[in-house]
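Enquirer:
Numbering (this note's numbering), first residue to last: 6 to 79.
1. Suppose the cutoff is 8 Å on Cβ atoms and the five residues either side in sequence are ignored; what does the same chain contact list for residue 64 look like?
2. Find the nearest neighbour of residue 43 within the set 58, 31, 16, judged by alpha-carbon distance.
3. From residue 10 to residue 29, what distance separates their C-alpha atoms?
4. Applying the criterion that 16 or more other CB atoms from any shown protein chain within 10 Å of the CB defines a buried residue, is residue 47 buried or exposed?
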């Protein structure tokens, strides 16, 4: 009886040399910071401009640059 396609593929896979590729597992992580005014946690996905709970402006230079650009376009 002839060897089936699946049996032939299985035999070839078992006879093939092992791969030299090494897999290294990495741990996922999230960096959180707290608001200096209300203490609420702030993740990077919330943005860098202001606190979404109390409105504290984290980066005033960015906020003032944005405001100046908006005034110049009017």
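Even glycine gets a Cβ: it sits at the ideal position worked out from N, Cα and C.
Expert: Walking through what the data contain:
1. Taking residue 64 as the centre and dropping the five residues before and after it, the same chain places the C-beta of 53, 54 closer than 8 Å to its C-beta, in chain order.
2. 58
3. 34 Å
4. Flag for residue 47 reads buried.
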